[in-house]
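Novice:
There are 4 protein chains.
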Amino acid sequence: MLLIHLNTTDERPIYTQIADQVKFAIASGILTPGVLVPSVRELSKQLVVNPNTVARAYRELQSQRLLEPVRGTGLQISESAPDLCRTDRREYVRRRLRLAIEEARRSELDPQEIEQILREEWSNGNGRAE
Amino acid sequence: MLLIHLNTTDERPIYTQIADQVKFAIASGILTPGVLVPSVRELSKQLVVNPNTVARAYRELQSQRLLEPVRGTGLQISESAPDLCRTDRREYVRRRLRLAIEEARRSELDPQEIEQILREEWSNGNGRAE
Amino acid sequence: MLLIHLNTTDERPIYTQIADQVKFAIASGILTPGVLVPSVRELSKQLVVNPNTVARAYRELQSQRLLEPVRGTGLQISESAPDLCRTDRREYVRRRLRLAIEEARRSELDPQEIEQILREEWSNGNGRAE
Amino acid sequence: MLLIHLNTTDERPIYTQIADQVKFAIASGILTPGVLVPSVRELSKQLVVNPNTVARAYRELQSQRLLEPVRGTGLQISESAPDLCRTDRREYVRRRLRLAIEEARRSELDPQEIEQILREEWSNGNGRAE
DNA sequence: GTGGTCTAGACCACC
DNA sequence: GTGGTCTAGACCACG
Numbered sequence: 001m002l003l004i005h006l007n008t009t010d011e012r013p014i015y016t017q018i019a020d021q022v023k024f025a026i027a028s029g030i031l032t033p034g035v036l037v038p039s040v041r042e043l044s045k046q047l048v049v050n051p052n053t054v055a056r057a058y059r060e061l062q063s064q065r066l067l068e069p070v071r072g073t074g075l076q077i078s079e080s081a082p083d084l085c086r087t088d089r090r091e092y093v094r095r096r097l098r099l100a101i102e103e104a105r106r107s108e109l110d111p112q113e114i115e116q117i118l119r120e121e122w123s124n125g126n127g128r129a130e
Numbered sequence: 001m002l003l004i005h006l007n008t009t010d011e012r013p014i015y016t017q018i019a020d021q022v023k024f025a026i027a028s029g030i031l032t033p034g035v036l037v038p039s040v041r042e043l044s045k046q047l048v049v050n051p052n053t054v055a056r057a058y059r060e061l062q063s064q065r066l067l068e069p070v071r072g073t074g075l076q077i078s079e080s081a082p083d084l085c086r087t088d089r090r091e092y093v094r095r096r097l098r099l100a101i102e103e104a105r106r107s108e109l110d111p112q113e114i115e116q117i118l119r120e121e122w123s124n125g126n127g128r129a130e
Numbered sequence: 001m002l003l004i005h006l007n008t009t010d011e012r013p014i015y016t017q018i019a020d021q022v023k024f025a026i027a028s029g030i031l032t033p034g035v036l037v038p039s040v041r042e043l044s045k046q047l048v049v050n051p052n053t054v055a056r057a058y059r060e061l062q063s064q065r066l067l068e069p070v071r072g073t074g075l076q077i078s079e080s081a082p083d084l085c086r087t088d089r090r091e092y093v094r095r096r097l098r099l100a101i102e103e104a105r106r107s108e109l110d111p112q113e114i115e116q117i118l119r120e121e122w123s124n125g126n127g128r129a130e
Numbered sequence: 001m002l003l004i005h006l007n008t009t010d011e012r013p014i015y016t017q018i019a020d021q022v023k024f025a026i027a028s029g030i031l032t033p034g035v036l037v038p039s040v041r042e043l044s045k046q047l048v049v050n051p052n053t054v055a056r057a058y059r060e061l062q063s064q065r066l067l068e069p070v071r072g073t074g075l076q077i078s079e080s081a082p083d084l085c086r087t088d089r090r091e092y093v094r095r096r097l098r099l100a101i102e103e104a105r106r107s108e109l110d111p112q113e114i115e116q117i118l119r120e121e122w123s124n125g126n127g128r129a130e
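Chains as they are written, first to last, in my numbering: chain C, 1 to 130; chain U, 1 to 130; chain W, 1 to 130; chain B, 1 to 130.
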């Protein structure tokens, strides 16, 4: 069962949030090759979201060869998806962290203070659920 | 002299880029209370941007009590601006880092790997001139 | 249904009149949390003003956390809006009255005479339908 | 000696503030017919204000027949000024108070609460020197 | 000269 | 359909 959590206050578009979480589910083995993702209508109902939004997320995933259509049945995880997602994921995480760190440096805040913040924020979340 | 650089590839709106750079200039002491910011028309000419866009940036800064109008003369840095900007900046940096870290966690990548990436990215930039 | 009336003789800008009337509507319970305000285009058509003017009014309300965007859908009254508007309204009324009274004092008119005027003007309006 | 206090945070234009205070000074007998008001240059220096601003205030006062030019000498208080100002002043004060009260009513705040605020604000200032 | 308001209209992302 | 961004240009009040 695929669990997706949307954050409407997040500035990122909803379709991106959906696509990213599908990718994470693939990378972590929750979704494996051959498994069908929920139908657009079903997922849109579950997430209380416009069907177009889910369709767009799936479209993105198809264009990245992570989902492939099975005629008359739905969309399934592709054979190559796990590999693609695992490397993607690492690069993605690295890139986001790098951007945040670069911006922190550009703010001309004292580097020691930045390091302090980094330490705090990293340890903050460790050990808690969600 | 206030130097503002617009990044057209940056996804953030122009007025935000302007406002943020004014804030950084205040936080780092380049702009001090009582100093007039460049006039809307002047800055818009310098940045090759519509005057309305600059005006909007300045309006945001006014609503945050960082700029105050001197009638018929222009907009000046408020007395309280430096304090506000310094704490703002810290909060801003912290928030960006926290969001990136939270997303990294959500990716279900191995925490040790995340920490490794964090270390690498942080030390990467240190020691180099930007 | 939200009814907004613009007063062209009022010296206050149109966007302020719009924003204030939305606030009053929230304070008096005509608009409740979760309700969508009329779309920018619709209200601008109804009021025969430029869409940008309505958008600006809504932007002010957003920056005061009274409206929040529902992406692709519109702007809704925030959960905290009623409380904010009710206290705001009281402060607003108080401020206007204080300013008028202060100016009356500064006029060096006999205080007894001012009090007399205050009484008259206050009782004048009571009991009549506006 | 004419004492004028400008409030730069007041939303009213400076030239209006100057003109009004001259009127109050006439109404209260500080300035009497035949007395010369300070020259534009002198008053502008004293108030740290653009000479144009003082000139405009004086222009308004002349157009209301409160000041009259004495060739080669300056502007003097007119014979009829005190009467004009005294009635003006009462009407002015009354009008400002009425407008504030009307707006308070329009806010649909509970009338009892408005009366409460009125009482508080009125008694607040009594007894203190400003 | 300054900022503020408003109009008109284009283009974009999102749902 | 929705709001958001940006441009272009007119007009106003203030100093």
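We treat Cβ as the ideally placed atom computed from N, Cα and C, and that holds for glycine.
On the CB-based measure, 16 or more other CB atoms within 10 Å of its CB, does serine 123 of chain B come out buried or exposed?
Specialist: Against the fourth sequence, residue 123 of chain B aligns to sequence position 123. Exposed is the call here.
Novice: Nearest chain W C-beta to asparagine 124 of chain C closer than 9 Å, yes or no?
Specialist: For this step, residue 124 of chain C is matched to residue 124 along the first sequence. For asparagine 124 of chain C, the nearest beta carbon of chain W is not closer than 9 Å to its own beta carbon.
Novice: Does the Cβ of leucine 3 of chain C have 16 or more other Cβ atoms within 10 Å, making it buried, or fewer, making it exposed?
Specialist: Sequence index remark: in the first sequence, residue 3 of chain C carries index 3 (1-based). Per the 10 Å Cβ criterion, exposed.
Novice: Strictly under 9 Å for the Cβ-Cβ distance: is valine 40 of chain C near chain U by that measure?
Specialist: Along the first sequence, one-based indexing puts residue 40 of chain C at 40. Contact with chain U is absent for valine 40 of chain C, since none of that chain's Cβ atoms lies less than 9 Å from the residue's Cβ.
Novice: Alpha carbon to alpha carbon, how far is serine 44 of chain U from asparagine 50 of chain U? Give it in angstroms, no decimals.
Specialist: If you number the second sequence from 1, residue 50 of chain U lands on position 50. If you number the second sequence from 1, residue 44 of chain U lands on position 44. Approximately 6 Å, taken between the alpha carbons.
Novice: Using a Cβ-Cβ cut-off of 8 Å (strictly less than) and excluding sequence neighbours within five positions of arginine 105 of chain C, which residues of its own chain qualify?
Specialist: The count along the first sequence starts at 1 and reaches residue 105 of chain C at position 105. Pro111, Ile114, listed in sequence order.
Novice: Could you say if the region 83-95 of chain W and the region 60-69 of chain W meet the contact criterion of at least three C-beta pairs nearer than 8 Å?
Specialist: yes
Novice: Please report the Cβ distance between valine 22 of chain C and isoleucine 117 of chain U, rounded to the nearest whole angstrom; I am assuming they are in contact, meaning their Cβ atoms lie under 8 Å.
Specialist: Reading the first sequence from its first residue, position 22 is the one you call residue 22 of chain C. Reading the second sequence from its first residue, position 117 is the one you call residue 117 of chain U. Approximately 22 Å separates the beta-carbon atoms of valine 22 of chain C and isoleucine 117 of chain U; this is outside 8 Å, ruling out the contact.
Novice: Please confirm whether isoleucine 14 of chain C has its beta-carbon closer than 9 Å to some beta-carbon of chain W.
Specialist: Within the first sequence, residue 14 of chain C is the residue found at index 14, counting from 1. So yes, isoleucine 14 of chain C belongs to the interface.
Novice: How about valine 48 of chain U: is its C-beta nearer than 9 Å to some C-beta of chain C?
Specialist: Mapped onto the second sequence, residue 48 of chain U falls at position 48. No, valine 48 of chain U does not count as interfacial toward chain C.
Novice: Determine whether the beta carbon atoms of leucine 97 of chain W and glutamate 91 of chain B lie at a separation below 9 Å.
Specialist: Walking along the third sequence from the start, residue 97 of chain W turns up at place 97. Walking along the fourth sequence from the start, residue 91 of chain B turns up at place 91. No, Cβ-Cβ distance for leucine 97 of chain W and glutamate 91 of chain B is not below 9 Å.
Novice: May I ask which residues mark the beginning and end of the beta strand (DSSP E) holding leucine 75 of chain B?
Specialist: Here residue 75 of chain B refers to the residue found at position 75 when the fourth sequence is read from its first residue. Run containing leucine 75 of chain B: 74-77, per the beta strand (DSSP E) assignment.
Novice: Nearest to threonine 8 of chain B by alpha carbon, out of U/Val70, U/Leu109, U/Ala25, U/Ala57?
Specialist: What you label residue 8 of chain B is simply residue 8 of the fourth sequence in a count that begins at 1. If we check each option's Cα against that of threonine 8 of chain B, U/Val70 comes out closest.
Novice: Is the CB of arginine 71 of chain C under 9 Å away from at least one CB in chain U?
Specialist: Mapped onto the first sequence, residue 71 of chain C falls at position 71. No, arginine 71 of chain C does not count as interfacial toward chain U.
Novice: Using CA coordinates, which residue listed in U/Ala81, U/Ile30, U/Thr16 is at the minimum distance from glycine 54 of chain U?
Specialist: Taking the first residue of the second sequence as 1, we reach residue 54 of chain U at position 54. The sequence as given places valine at residue 54 of chain U; glycine does not occur at that position. Nearest of U/Ala81, U/Ile30, U/Thr16 to valine 54 of chain U, Cα basis: U/Thr16.
Novice: By the 8 Å beta-carbon criterion, what residues does the region 94-115 of chain B contribute toward chain W?
Specialist: Arg94, Arg96, Leu97, Arg98, Leu99, Ala100, Ile101, Glu102, Glu103, Ala104, Arg105, Arg106, Ser107, Glu108, Leu109, Pro111, Glu113, Ile114, Glu115
Novice: In the DSSP assignment, the beta strand (DSSP E) including proline 69 of chain U goes from what residue to what residue?
Specialist: The residue given as residue 69 of chain U occupies position 69 in the second sequence. Residues 67-70.
Novice: Could you check the C-alpha separation between alanine 129 of chain B and leucine 75 of chain W for me, to the nearest Å?
Specialist: Position 129 of the fourth sequence holds residue 129 of chain B. Position 75 of the third sequence holds residue 75 of chain W. Here alanine 129 of chain B scores only 47 on pLDDT, less than 50, and its place in the model is too uncertain to base an answer on.
Novice: Examine chain C for any beta-carbon lying closer than 9 Å to the beta-carbon of alanine 19 of chain U, and answer yes or no.
Specialist: The sequence position of residue 19 of chain U within the second sequence is 19, counting from 1. So no, alanine 19 of chain U is outside the interface.
Novice: Helix, strand or coil for alanine 129 of chain C, going by three-state DSSP, please let me know.
Specialist: For this step, residue 129 of chain C is matched to residue 129 along the first sequence. A caution first: alanine 129 of chain C carries a pLDDT of 46, below 50, which makes its placement in the model too unreliable to give a value.
Novice: Strictly below 7 Å CB to CB, what residues from chain C border isoleucine 117 of chain U?
Specialist: By 1-based counting over the second sequence, the position of residue 117 of chain U is 117. Per Cβ cutoff of 7 Å: Val93, Arg94, Leu97.
Novice: Show which residues of chain U have a CB atom less than 8 Å away from the CB atom of glutamate 121 of chain C.
Specialist: By one-based count along the first sequence, residue 121 of chain C stands at place 121. For the C-beta of glutamate 121 of chain C, the chain U residues within less than 8 Å are, from N- to C-terminus, Arg94, Leu97, Arg98, Ile101.
Novice: Taking the alpha helix (DSSP H) that asparagine 52 of chain U belongs to, which residues open and close that run?
Specialist: As a working mapping, residue 52 of chain U is identified with position 52 in the second sequence. Looking at the DSSP string, the run of the alpha helix (DSSP H) that includes asparagine 52 of chain U is 51-63.
Novice: Pull the bridge partners of leucine 36 of chain B from the DSSP assignment, please.
Specialist: Stepping through the fourth sequence from its first residue, residue 36 of chain B is reached at position 36. For leucine 36 of chain B, which the question treats as bridged, DSSP gives the partners B/Gln76.
Novice: Return the Cβ separation of arginine 89 of chain U and leucine 31 of chain C in integer angstroms, given the expectation that the two are a contact with Cβ distance under 8 Å.
Specialist: Counting from 1 along the second sequence, the entry for residue 89 of chain U is found at position 89. Counting from 1 along the first sequence, the entry for residue 31 of chain C is found at position 31. Contact flag wrong, Cβ pair sits at about 41 Å.
Novice: Have a look at W/Ile101, W/Ile26, W/Thr73 and flag the residue whose alpha-carbon is nearest the alpha-carbon of glutamate 79 of chain W.
Specialist: Within the third sequence, residue 79 of chain W is the residue found at index 79, counting from 1. With distances taken between Cα atoms, glutamate 79 of chain W lies closest to W/Ile26.
Novice: Inspect the beta-carbon positions of alanine 81 of chain B and alanine 19 of chain B and report whether they are closer than 9 Å.
Specialist: Looking up residue 81 of chain B in the fourth sequence gives position 81. Looking up residue 19 of chain B in the fourth sequence gives position 19. Cβ distance not < 9 Å, so alanine 81 of chain B and alanine 19 of chain B don't count as in contact.
Novice: Quick one: is alanine 27 of chain W near chain B, going by C-beta distance under 9 Å?
Specialist: As a working mapping, residue 27 of chain W is identified with position 27 in the third sequence. Output row for alanine 27 of chain W: interface = yes.
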